[in-house]
Amino acid sequence: MSTVFKALSDPTRRRVLELLKAGPMSAGELSAQFDVSKPTMSAHFAVLREADLVTSEKVGKSVVYQLKMSVLEDALLGFAQAFGWQLQDIPSAPGQAAGSGPDSANTRKVSDP
Amino acid sequence: MIALTLTTYPVRTALLTAFVLAVINWTLDPGKMLAWSGVMALVAAGLFSALTLGRGEGQSARSIRASLFGASLMISGGLAVSIGDQMGWLSDATGQRLFGVMVGLMLIVTGNFLPKTVRPLTQARCDRARLQKIERYAGWLLVAAGLVHTGLWVFAPADRANTAAMMVVAGALFLIAATWLVLARADKSRARPH
Chain L
15 MSTVFKALSD PTRRRVLELL KAGPMSAGEL SAQFDVSKPT MSAHFAVLRE ADLVTSEKVG
75 KSVVYQLKMS VLEDALLGFA QAFGWQLQDI PSAPGQAAGS GPDSANTRKV SDP
Chain E
1411 MIALTLTTYP VRTALLTAFV LAVINWTLDP GKMLAWSGVM ALVAAGLFSA LTLGRGEGQS
1471 ARSIRASLFG ASLMISGGLA VSIGDQMGWL SDATGQRLFG VMVGLMLIVT GNFLPKTVRP
1531 LTQARCDRAR LQKIERYAGW LLVAAGLVHT GLWVFAPADR ANTAAMMVVA GALFLIAATW
1591 LVLARADKSR ARPH
C-alpha cells in the first residue's frame, strides 16, 4: 500500500492517472501533456507501474498505458487531489530527510530542451 | 492487492475449512443431504483447481487463487451461520442479518476490484475506453450498493431489510446495464458515417 501512497503523492503522477481515466493513452501522448523530460516521465511511469495503478503494453511501435485502479485507490486519488498531498507531507524513515529519496529526483521539474 | 499477495496455503486452508463446515452441516441436518453434498462437490472442485494450479505466479493463477479464496470465505461464512442457527446459538433474524452483511461485503469487495481487471489491448474486442468507463462506474456503484446493503442489514428492521436491500442491488445492476447500453449506442452513432 505504501507504493500506492508514494505514487499518489506526486502531482504529475496524479495528472497522468486523471488523463488515463478517459481511456488508454500512449507514452508519447501522455508525455506531450507535461513540461518534463522523457526520462523523468519514464520514471513517473515506472512508479505508477510498481504501485500497480497502470499497466503498459507494447502496441506497434508505441507503449500504451492503461488505468488499473481499484475503487479504493480511485477514492485515494480523489482525496489526494482534493487535499493536495505532496511528497514532503509523507513522513520519511528515521535518518532520511523528507523528499530526499530516489523519487525526489524523479519529481523535479525539468524543462524539455 | 489480494491477488498479488495470496499464496497457495491460505487458499487451500480456506477451502478445507469450507469442506469441513459442510460436513458438520450434513451431520447436523441430514435431511438436506442433497444441498450439503452439492456444496461439498463445489468446494472439492475448488480444492482440485487450487491443487492443479500449484504455485503458479502468473496473473491468471493469482487471479484464480484470489477468486477461490473469496468464494471459500463466502461459503464458509454461510455454512458457519447455518451451524450457529442449527445449534441454537443464533436466532433466525440474527442469522439472516449476518448473511445479509456477508452479501454486502462481497458486493463491496467485488466492486472494489472490478476496475482493476485489465485485459490486454491486443485482445480487445470492443472500445477499451468505453469498457474502462463502464467498469469504473460499475465498481463504484457496486461498492455503494454493498455499503447500503450492509447498512440496511445492520440497522433496518428485519422485516424491511430484505426488500430494501434487494431493491438497492437490483437498482445498481439496472443502472450499470442502462449506462452500458447508452454508452454503446453513443459509440455506434459516433462511428456511423454522416
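Protein chains in written order, with my numbering: chain L, 15 to 127; chain E, 1411 to 1604.
Just so it is clear, CB atoms sit at the ideal spot from N, CA and C, and this is done for glycine as well.
Considering only their Cβ atoms, is the gap separating Lys-1543 of chain E from Gly-37 of chain L smaller than 9 Å? Numbered from 1 along the first sequence, position 23 holds the residue referred to as residue 37 of chain L. Numbered from 1 along the second sequence, position 133 holds the residue referred to as residue 1543 of chain E. Yes; because the gap between Cβ atoms is below 9 Å, this pair is in contact.
Beta-ladder partner(s) of Glu-32 of chain L, from DSSP: Translated into the one-based positions of the first sequence, residue 32 of chain L becomes position 18. Looking at the DSSP assignment, Glu-32 of chain L forms no beta bridge with any residue, so it has no partner.
Host beta strand (DSSP E) of Val-77 of chain L (start-end): Translated into positions along the first sequence, residue 77 of chain L becomes position 63. Residues 76–81.
Identify the contact partners of Arg-1546 of chain E in chain L, using a Cβ-Cβ distance below 9 Å as the criterion. As a position in the second sequence, residue 1546 of chain E is number 136, starting the count at 1. Ordered by position in chain L, the residues that pass the 9 Å Cβ test against Arg-1546 of chain E are Lys-35, Leu-81, Met-83, Val-85, Asp-88.
Can you pull the chain E residues whose beta carbon is under 8 Å from the beta carbon of Glu-64 of chain L, in chain order? Locating residue 64 of chain L in the first sequence gives position 50, where the first residue counts as 1. What Glu-64 of chain L touches in chain E: nothing, since even the nearest Cβ is about 12 Å away.
Determine the burial state of Glu-32 of chain L: buried for a count of at least 16 other Cβ atoms within 10 Å of its Cβ, exposed for fewer. As a first step, residue 32 of chain L is located in the first sequence; it is residue number 18 there, counting from the start. Glu-32 of chain L should be labelled exposed.
I need the boundaries of the alpha helix (DSSP H) containing Thr-1520 of chain E, first residue and last residue. As a first step, residue 1520 of chain E is located in the second sequence; it is residue number 110 there, counting from the start. Unbroken alpha helix (DSSP H) run through Thr-1520 of chain E: 1502–1523.
I'd like to know if Trp-1563 of chain E contacts chain L, where contact means its C-beta is closer than 9 Å to some C-beta of that chain. As a first step, residue 1563 of chain E is located in the second sequence; it is residue number 153 there, counting from the start. Chain L contact via Cβ: absent.
Quick one: list the residues of chain L neighbouring Ala-1582 of chain E, beta-carbon separation under 8 Å, in chain order. Looking up residue 1582 of chain E in the second sequence gives position 172. Near Ala-1582 of chain E there are no residues of chain L at all, since even the closest Cβ is about 13 Å away, more than 8 Å.
Return the first residue and the last residue of the beta strand (DSSP E) that Thr-69 of chain L is part of. Working through the first sequence from its first residue, we reach residue 69 of chain L at position 55. First-last of the beta strand (DSSP E) with Thr-69 of chain L: 68–73.
Below 8 Å on C-beta distance, what does Pro-38 of chain L contact in chain E? Indexing the first sequence from 1 puts residue 38 of chain L at position 24. Ordered by position in chain E, the residues that pass the 8 Å Cβ test against Pro-38 of chain L are Leu-1531, Arg-1538, Ala-1539, Gln-1542.
Quick one: is Lys-1598 of chain E near chain L, going by C-beta distance under 9 Å? Working through the second sequence from its first residue, we reach residue 1598 of chain E at position 188. Lys-1598 of chain E does not count as touching chain L.
For Val-1564 of chain E, does the count of other Cβ atoms within 10 angstroms reach 16, so buried, or fall short, so exposed? Sequence index remark: in the second sequence, residue 1564 of chain E carries index 154 (1-based). It counts as exposed.
Rounded to a whole number of angstroms, what is the C-alpha to C-alpha distance between Ala-44 of chain L and Glu-71 of chain L? Taking the first sequence and counting its residues from 1, the one referred to as residue 44 of chain L is at position 30. Taking the first sequence and counting its residues from 1, the one referred to as residue 71 of chain L is at position 57. For the sequence presented, residue 44 of chain L should be read as Leu rather than Ala. Whole-angstrom Cα-Cα distance: 14 Å.
Checking contacts by CB at 9 Å: is Lys-1442 of chain E closer than that to chain L? Looking up residue 1442 of chain E in the second sequence gives position 32. By this cut-off, Lys-1442 of chain E is not an interface position.
Do Ala-1568 of chain E and Gln-1496 of chain E count as a contact pair if the criterion is CB distance below 9 Å? Within the second sequence, numbered from 1, the residue matching residue 1496 of chain E stands at position 86. Within the second sequence, numbered from 1, the residue matching residue 1568 of chain E stands at position 158. Contact: no.
Closer than 9 Å to chain B by CB, Gly-1514 of chain E: The chain inventory of the structure shown lacks chain B, comprising the protein chains L and E.
Assuming Met-1443 of chain E is part of the alpha helix (DSSP H), what are its boundary residues? In the second sequence, counting from the first residue as 1, residue 1443 of chain E sits at position 33. Where Met-1443 of chain E is concerned, the enclosing alpha helix (DSSP H) stretches over 1443–1463.
Taking Trp-1563 of chain E as part of the alpha helix (DSSP H), name the residues at either end of that continuous run. One-based indexing of the second sequence puts residue 1563 of chain E at position 153. 1538–1565 is the extent of the alpha helix (DSSP H) around Trp-1563 of chain E.
Would you kindly work out how many angstroms separate the C-alpha atoms of Ala-1460 of chain E and Ala-1428 of chain E, rounded to a whole number? Counting from 1 along the second sequence, the entry for residue 1460 of chain E is found at position 50. Counting from 1 along the second sequence, the entry for residue 1428 of chain E is found at position 18. Their backbone Cα atoms lie some 14 Å apart in a straight line.
State the start and end residues of the unbroken alpha helix (DSSP H) segment that holds Gly-92 of chain L. Locating residue 92 of chain L in the first sequence gives position 78, where the first residue counts as 1. Looking at the DSSP string, the run of the alpha helix (DSSP H) that includes Gly-92 of chain L is 85–97.
Check this for me: beta carbons of Val-78 of chain L and Met-39 of chain L, under 9 Å apart or not? Reading the first sequence from its first residue, position 64 is the one you call residue 78 of chain L. Reading the first sequence from its first residue, position 25 is the one you call residue 39 of chain L. Cβ atoms of Val-78 of chain L and Met-39 of chain L: closer than 9 Å.
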